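Residue numbers (UniProt numbering): 1 to 1230. Just so it is clear, CB atoms sit at the ideal spot from N, CA and C, and this is done for glycine as well. Please read these numbers as outputs of a predicted model, since none were measured by experiment.
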Amino acid sequence: MAVVSGVKSHGHGEATGQRIKDSQDEQMHAYGYERSIAGTMATLLGCILSAGSLRLFFHWYPHLYLYATHRRCGLSRASKVLVVDDYQGKYKSYIVKEVKSVSTRCLSSDSSQASRYLRRAHKHLLDGLRGKDLELNLENGSRCLAPEYKAFWCKKQCYVWDDKASEFSKLASLDRYARCLDLHTEKVRGLSPERQLLSRMLYGFNEILVPVQGFQLLFLLEILNPFYVFQVFSLIVWFNEGYFYYAIAVILMSAFGIISSIRQTRANQTSLRNTVASTETVRVLRSSGEYESISSDELVPGDIIELPKHRAVVACDAVLLTGTCVVNESMLTGESVPVTKTPLQALPALYDSREHSHHTLFCGTTIIQTKQYGDKPVLAKVIRTGLWTTKGSLVAAILYPPPTDFKFDQDSYKLVAILIAVAFLGFFYTLAAMIQRGNTATNIAIKTLTVFTIVVPPALPSVMAVGKMYAIFRLKKRQIYCINTRAINISGSIDCVCFDKTGTLTEDGLDMMGVVVNEGNKLGEPEKEVPKLKDAHIFEGMLTCHSLTIIDQELSGDPLDVKIFESTGWELDEPELTDPAKLRRLLPLTYVRPAHESGHGDHPAGGMEIIQQYQFSSTLQRMSVIARRSDDPSGFVAYTKGSPEMILSLSCAESIPSDVSSTLRCFTEQGYRVIAMASKRIEVTDEQVQKIPRDVVEKDLDFLGLIILENRLKEPTTKVIKELRDANIKTVMITGDNIQTAISVAKECGILSHEETVISISVVPTESKLRPEIYFNAAQGLPRLEKKLKTSSLEDLEFGIYAKNYKFALTGDTWQLLREHYDDILPRICTKGVVFARMSSDQKQQLVVELIQLGYHVAMCGDGANDCGALRAAHVGISLSEAESSVASPFTSRIPDITCVSKVIQQGRAALVTSFGIFKFTVCYSLTEFISTIILYSISSNFTGLQFFYVDVMLFVNFAFFFGKTEAYDKRLAREPPTSSLVSFTPLFSLTIHTIIIAVFELIVFYAVQQFDWFTPFTPKDEFLYDCLENYSVFCLSTFQYAIIAIVFSRGKPYRKPIYTNKLFILSIVVLTIVNAYITIYPAQWVVDLLELQMPPVYDWRFMIVGLAFVNFLVCIGFESFVVEYLIQQKIKPRFYKPEKSKKRYLLLEHELQDKPNWPPISSELPILPITPSYENIINSTRKASIAESTISMCIVNENEEQIPSISRSYVGVDNLGFHSEPGDVNRVD
């Protein structure tokens, strides 16, 4: 089999497999299969002969059923597709999907293939659609017209067969590879009914369907689970053995478990469906020019919709064509902040939903208000519907989360496999013993099969959920809510926590510290009374450069914009236009005027008018406006504000003060939020001003100064960070803020200690080399620190004295270039990196994934803004937002500070230790019961039905239920997380020795009772009569042993409180131990009859059994406390620990870096970085330009179209780490 361009073939040139991407951009492989008649017949025969067992096996492994009934073939001929999802090379899953055809050649409202999409269509419309072409827009850039297509659907994504490329490609949305100019077509008239139906045949209805399965289906799926199938097998064996009471008890417990599971599953499905499902009534522009009110689920890409003036939910992703719209995007971002959307300009540039987010309305967001001149409607064009929308992608990510590696779960399966192996040993021993004694075949079969039901306990899944159940309840009391129970145990292994900064570590609100004005190319002292600057140009920028609006008579918008504008003391007015005559002249979006002026005149004296807005972009790190003074209608001025490094890069070199670097560093190192402002005059007419491209406005600017704001830490931040660092948990800050500010906040809150050297990493592209140069520079300390610290000199750094006490800090642009050119050292940087600034949402997610691949168990804590990807990618996501975006995170805290992180880790550790202890208790309980059975089988005896019932229900279930009631240790976190490996030396050694101890004591009572004069040997009179002295002795001792192992494995400090604090558990131990002693020493006759006991004639042996049980207790406690916990865990294990042999890659790297004192090589020169629009933006533009070139050449090129103006790039000797060139060396390269 050859591999050509990633596609496999059988040597005949026909592709049989290919790579595809899922909704999370993860690589999957698809392979084609067609029906095999011979294989199908053979499989059918096998299912009949096996009484359905083979078909049940294929239900658990559908891909094996595909192998049996189909054969590999070319993808073009495939009727079934096998999708193999090999996530990060660790988790392989198989998905079988049917290839379906959709055609316009044969249509009817009741046809099977089109009935759902065409169910509301009239017959004459269907007749007109026959043979019409469908317009296919594919992810690979291919666009074609065809009357039919074949496709398969996987993870809510549609993959269409592309004949030209001979591959399946994801069906793309309308905006993919489309120009902004193209999205403005058909603005006057909407889609025709025929085009709407054709589009619906491609994209379906505008609905995000979360499947809610019926009770019957859920019940069937539940009972077909391998565990419950095994239970059915166990019940058959028990009924034949005569264990009616225990069998009935198991049936009741299983029924309760199944019903609870079904109710929980259905409740989760219903909750998610209710969260995402919404139907609105929308007005759609038809091809006739008239508007029609329809249900939002009938919308299709390409529809032109009219937006309502007030409160409504956006039902699709749409591009705003006319008017303005204020929306609340908390559903997506977690921030309940009004965002103003402006119309998309009809330019020949490629549309990108991220770059043009301020022109795009996203599904699920709420419209607060819309505005349009005169009585004209506010129009938007539908570009994505259903699961193609941003909200749909979020739901798909929730429905199909990435698999999470957790060793405890993997090892639990391995330990169950070990139990099954032990059961086979018991099976063969019992088989041989029974045959030797001449038992009947029926009795042999029942006895040997009973061994399996004893070794693998039926209540295992139920008791394993106990620790999680109690942890969820305790977190809920602390206002922390969990929607994914699997994340509970994983949170107990967390050894790395990533934090967003703004709104997570620091307060949301900002306080104005002052304004630094550029006067004569020199920055002055910060002015705290902003109104005194009314004659300065930067004051006008503060008045106008924002996207604020008035909602319900209140100023609304980004908190930063609100704080800056309020500091001026001016007021904002919005024009209310009803007179069409006013449309003859240029009208502003908003007015600003001094607070003492009253009225809402057209030209407030001394006021300013905002004419055009270019919304803030996190990619561009800036926003701009065009404004003018009310008394100077022709004097247009552009104001741009944003990150200092970005504004400096866009400013003329001659306007940049020589002391800008030192001033900027002074404020950012003290933790202040710094915003830069620049401006330029715009010489255009009224008709041209609203058509100027953004890149023309945002260049050759005059630098005006800096706006300094203070962002305070939240009160619990420092305490929690210290607690995490004391617990040896790596803490990382991932923020979109300035890196100097991030470093300062990191030092202030304790993420960086003052003794640690901060080494900043810069990657500088060079024209002369293919690979950019990398610089490692020591960042300078904080001027404001009062405590004098010994810091490393440059000479010390050059000689590697900092080797064990340094941390890395870098920016998003550097991160991107490292991934591109220095992926070999990226793991080292992630291991030692703690501050990652100017990181985009995608880069945050990339960093979390990289940390996971290094072996960390990662938690991500964010407020929902740009954190959703990282929250989903982390092992444990903790959202501080109550918005709907929190459904992407396993944990949500209603208390918006990071105290929830330590609480989740505390409860997670307690739950993990509880699960670990319960699992060991369950295994030891099973082996104890197995040993008792095997010992009694040697004389053809066994426990009676009610003896099994007493042991399994009254003892085991009781102890297991109260086991998890021990609360989490609420003092300081231990420096080491609890082990999550069941299949390692310590737990296996502990289980093995305890099992041996139990077996020894049971053998002692088994043989000791035979030494007394009053002993009478057991002579089996019936295959189901087991009462004998050996049965009494082994049973009575074992009842104490279950209590012993429950105490031994109920571990307390440092992860849980001491066992005596669990009053219900202690009470159950005491009460049942008394009951055990009562049964052993002096039971009532009805108890003797009920349990079918043969009591010894003397009391000496009865008290001896109790005494042996006490000795057993002392031996087990002594072994676990002294040998396991003290000798092995505290003495021997640390001595044999070798980090260079660790399976965790980050530990290997830390050890490796300790042996390399001269790495990283400290650069003696400070880099002069090119400050350009973000690297990601440049890369994306280059990529999209190449795609567009091929796409446009196929179908949408218009050679007469105006070219996009090129963006001039500025190179300024100021980088985002505060490094700078000498004064006078600041230069500009065009």
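Which same chain residues, not among the five before or five after residue 993, have their C-beta less than 7 Å away from its C-beta? Scanning its chain for C-beta atoms nearer than 7 Å, with the 5 sequence neighbours on each side dropped, one finds around residue 993 the residues 1119, in chain order.
- request: Answer yes if the segment 901-915 comes into contact with the segment 926-940, meaning at least three C-beta pairs across the two stretches below 8 Å, and no otherwise.
  value: No, they do not touch.
**Asked** Who are the Cβ neighbours of residue 1060 in its own chain at under 7 Å, not counting the five residues just before and after it?
**Response** Cβ-Cβ distances below 7 Å link residue 1060 to 1066 in the same chain, with the five nearest sequence neighbours on each side left out; the list follows chain order.
TODO: Answer with buried or exposed for residue 1032, where buried requires no fewer than 16 other C-beta atoms within 10 angstroms of its C-beta.
DONE: Answer is buried; the Cβ neighbour count reaches 16.
Alpha carbon of residue 189 to alpha carbon of residue 375, nearest angstrom | Residue 375 has its alpha-carbon roughly 18 Å from the corresponding atom of residue 189.
Checklist line | Other residues of its chain near residue 826: CB distance less than 8 Å, five sequence neighbours each side excluded | finding: For residue 826, where only same-chain residues beyond five positions count, the Cβ hits under 8 Å are 818, 819 and 850.
Under 8 Å: do the segment 1143-1154 and the segment 1015-1022 share three or more Cβ pairs, one atom per stretch? Cβ pair count under 8 Å is below three, so no.
query: Curious, which full-length alpha helix (DSSP H) runs of at least 4 residues does the segment 1076-1102 contain?
result: Correct list: 1085-1091.
**Asked** Does DSSP put residue 935 in a helix, in a strand, or in coil?
**Response** Correct three-state label for residue 935: helix.
Restricting to Cα atoms, I'd like to know which of 1142, 510, 193 and 499 is closest to residue 709. Residue 510 is the option with its Cα nearest to residue 709.
*Considering residue 987, what are the terminal residues of the beta strand (DSSP E) in which it resides?*
Careful: residue 987 lies outside any beta strand (DSSP E), inside the alpha helix (DSSP H) at 985-1008.
Exercise for review: Evaluate residue 542 with the Cβ neighbour count: other Cβ atoms within 10 Å of its Cβ, from every protein chain shown; 16 or more gives buried, anything less gives exposed.
Suggested key: By the Cβ neighbour-count rule, residue 542 is buried, with 16 or more other Cβ atoms within 10 Å of its own.
Buried/exposed call for residue 1042, threshold 16 Cβ in 10 Å: Residue 1042 should be labelled buried.
Point to revise | Reduced DSSP secondary structure (H/G/I, E/B, other) of residue 354 | key: In the structure shown, residue 354 sits in coil (DSSP, three-state: anything other than H, G, I, E or B).
Exercise. Please check if any C-beta of chain D sits within less than 8 Å of the C-beta of residue 250.
Key: No chain D is present in this structure, which holds just one protein chain.
Unbroken alpha helix (DSSP H) run spanning residue 621, endpoints: From DSSP, residue 621 is part of no alpha helix (DSSP H); its letter is neither H nor E.
Have a look at the DSSP bridge pairing and note the partners of residue 594. Note: residue 594 sits in a beta bridge opposite 570.
Which residues in the same chain have their Cβ closer than 8 Å to the Cβ of residue 689, if we skip the five residues on either side of it in sequence?
Cβ neighbours of residue 689 beyond the five flanking positions: 586, 611, 612, 626, 636 and 682.
* Asked: For the beta strand (DSSP E) that residue 338 lies in, which residues bound it at each end?
  -> Counting along the chain, the beta strand (DSSP E) containing residue 338 begins and ends at 338-341.
Check: Skipping 5 residues on each side, what residues in its chain have a beta carbon closer than 7 Å to that of residue 207?
Finding: Around residue 207: 297 and 386.
Inset, instruction - Answer with buried or exposed for residue 131, where buried requires no fewer than 16 other C-beta atoms within 10 angstroms of its C-beta. - result: By the neighbour-count criterion, in which a residue is buried when 16 or more other Cβ atoms sit within 10 angstroms of its Cβ, residue 131 is exposed.
**Q.** residue 1089, buried or exposed, once every other Cβ within 10 Å from all chains shown has been counted against 16
**A.** It is exposed - the Cβ of residue 1089 has fewer than 16 other Cβ atoms within 10 Å.
- Task: Say whether the segment 462-477 touches the segment 909-918, bearing in mind that this needs 3 or more beta-carbon pairs closer than 8 Å, one atom from each stretch.
- Result: Note that the segment 462-477 touches the segment 909-918; at least 3 beta-carbon pairs, one per stretch, sit closer than 8 Å.
Open item on the list: If you reduce the DSSP assignment to three classes, tell me which class residue 1055 lands in.
Closed with: Here residue 1055 sits in coil by DSSP.
- request: Give the straight-line distance between the Cα atoms of residue 228 and residue 222, rounded to the nearest whole angstrom.
  value: If I take the Cα positions, the gap works out to 8 Å.
| request: Identify whether residue 518 lies in helix, strand or coil by the three-state DSSP scheme. | output: It is a strand residue.
Compare the C-alpha of residue 1050 against each of 1097, 292 and 918 and name the closest.
Of 1097, 292 and 918, the smallest CA-CA separation from residue 1050 is found for 918.
ask   = Along the chain, which unbroken stretches of the beta strand (DSSP E) at least 3 residues long are found entirely within the segment 721-774?
value = Within the segment 721-774, the runs of beta strand (DSSP E) that reach at least 3 residues and sit entirely inside it are, in chain order, 730-734 and 757-764.
### Message
Excluding the 5 residues flanking residue 471 on each side, which residues of the same chain have their C-beta closer than 6 Å to its C-beta?
### Response
Hits under 6 Å: 488, 907 and 911.
Exercise for review: Take residue 1185 and list the residues in its own chain whose beta-carbon comes closer than 8 Å to its own, dropping the five residues that flank it on each side.
Suggested key: Only weak support is given to the placement of residue 1185: the predicted model assigns it a pLDDT of 35, under 50, and the value that follows is read from those uncertain coordinates. Excluding sequence neighbours, residue 1185 sits near 350.
Q.
Considering just the uninterrupted stretch of the beta strand (DSSP E) at residue 95, what are its terminal residues?
A. Judged by DSSP secondary structure, residue 95 falls within the beta strand (DSSP E) whose first and last residues are 91-98.
Top-ranked residue by Cα proximity to residue 169, from 144, 178, 180 and 184 = Taking only the C-alpha atoms, the option nearest residue 169 is 144.
Cβ contact check for the segment 240-253 and the segment 942-960: 3 or more pairs under 8 Å | Enough Cβ pairs lie closer than 8 Å, so yes.
Put residue 328 into one of helix, strand or coil per three-state DSSP. Look at residue 328 here: in three-state DSSP terms it is strand.
**Item:** Per-residue DSSP class, three states only, for residue 1131
**Value:** Helix.
In the DSSP assignment, find the unbroken alpha helix (DSSP H) run with residue 215 in it and report its ends. Element bounds for residue 215: 215-223.
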